[in-house]
Amino acid sequence: MSHLVAPSILAGDFANLRKDVEMLNRSEADWIHVDIMDGVFVPNISFGFPVLAAINRYASKPLDVHLMIIKPDRYISRFKEAGANHLIVHIEACTHLHRTIQAIKHEGMQAGVALNPHTAVNNLEAIICDIDQVLIMSVNPGFGGQKFIEHTYRKIEQTRNLIVKSGSKAMIGVDGGVDLSNASKLIELGADVLVAGSSVFGSSNPINTIATLKAL
Ligand code: DX5
Ligand code: ZN
0 MSHLVAPSIL
10 AGDFANLRKD
20 VEMLNRSEAD
30 WIHVDIMDGV
40 FVPNISFGFP
50 VLAAINRYAS
60 KPLDVHLMII
70 KPDRYISRFK
80 EAGANHLIVH
90 IEACTHLHRT
100 IQAIKHEGMQ
110 AGVALNPHTA
120 VNNLEAIICD
130 IDQVLIMSVN
140 PGFGGQKFIE
150 HTYRKIEQTR
160 NLIVKSGSKA
170 MIGVDGGVDL
180 SNASKLIELG
190 ADVLVAGSSV
200 FGSSNPINTI
210 ATLKAL
């Protein structure tokens with residue numbers, strides 16, 4: 000399977016999200032990545048259910064919802080109602096991760112687990128066969144437009160090895176600082192999903208940039 004591209008709407012125009020969502024509908028983007036930040040797990044607040052539901056009203060592509068919030072268990076059904084197709088939680092924010100993953104799947108969503116840059120891949124060993132996506136953070140979460148952390152390459156290789164060894168069907172996503180300078184290497188090392196915010200929305204022609212990322 001060739002890789003997927005998931006533009007991050009965090010880098011879109013919040014005063015006109017409909018326009019950006021419709022642009023993504025017309026583009027070769029596979030999913031729309033939506034970042035939810037609570038101001039506690041990460042030092043920033045993005046938006047919540049009403050905005051996600053508004054994005055969902057216009058989106059024709061799956062919503063890949065990345066929760067940067069503590070105790071996500073409280074809101075799993077609310078995210079489903081607001082339109083999430085995939086729900087990604089942070090391993091660092093979940094005390095009972097297995098239970099959280101089961102609850103996400105019970106709601107009929109794909110379940111993903113995100114790892115902060117400092118979190119070792121081997122923490123996934125006991126959960127890798129239960130999840131649909133591993134999201135490797137290649138920046139410290141909380142903000143768009145940060146510099147890609149080089150150690151991520153090694154973590155992608157380690158995740159790929161773990162997936163092969165365990166027979167898991169999980170996809171590997173990479174999130175943060177992904178652009179045309181590092182995307183080919185990420186795919187080569189085993190990334191299945193490129194999440195890209197500023198490199199897409201900050202470019203002069205986002206539709207072309209998405210097509211270029213897709214064609215790598
Ligand atoms: C960071 C978010 C990312 C962010 C990526 O906390 O999880 O999804 O939107 O943005 P760029 O591509 O600009 O680093
Ligand atoms: Zn994200």
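Quick note on numbering: numbering that gives the first Met the number 0 labels position 205 of the sequence shown as 204, and the sequence is numbered without any gaps. Just so it is clear, CB atoms sit at the ideal spot from N, CA and C, and this is done for glycine as well. Being a predicted model, the structure only gives us computed values, none of them experimental.
- With a threshold of 16 other beta carbon atoms within 10 Å, Thr-94 falls short and is exposed.
- A distance of 9 angstroms or more separates the beta carbons of Leu-9 and Gly-111.
- Three or more beta-carbon pairs separated by less than 8 angstroms link the segment 131–148 to the segment 163–178, which places the two stretches in contact.
- For His-89, the three-state secondary structure derived from DSSP is strand.
- Here Met-67 carries a strand assignment [DSSP, helix/strand/coil].
- Shown here, Gln-132 sits in a strand according to DSSP, grouped into three states.
- Taking a cut-off of 8 angstroms on C-beta distances, the segment 66–85 does not touch the segment 179–193, as fewer than three cross pairs fall below it.
- Sequence-distant partners of Lys-184 (beyond 5 residues in either direction) whose C-beta falls short of 7 angstroms from its own C-beta, in its chain, are Tyr-152.
- Between Phe-40 and Ala-102, the beta carbon gap of about 18 angstroms keeps them out of contact (Cβ cut-off 8 angstroms).
- Ranked by Cα distance from Ile-155, the options Met-67, Gly-141, Leu-123 and Gln-145 are led by Leu-123.
- For Ile-209, same chain residues with a beta-carbon under 7 angstroms away, outside a window of 5 residues either side, are Val-4, Pro-6, Ser-26, Glu-27, Ala-28 and Val-199 in chain order.
- A direct Cα-to-Cα measurement between Leu-66 and Ser-203 gives close to 29 angstroms.
- For the options Val-192, Gly-166, Ile-44 and Ser-197, the alpha carbon positioned closest to that of Asp-129 is the one of Gly-166.
- Rounded to whole angstroms, Glu-106 and His-85 show a C-alpha spacing of 10 angstroms.
- DSSP, read as helix, strand or coil, puts Asp-174 in strand.
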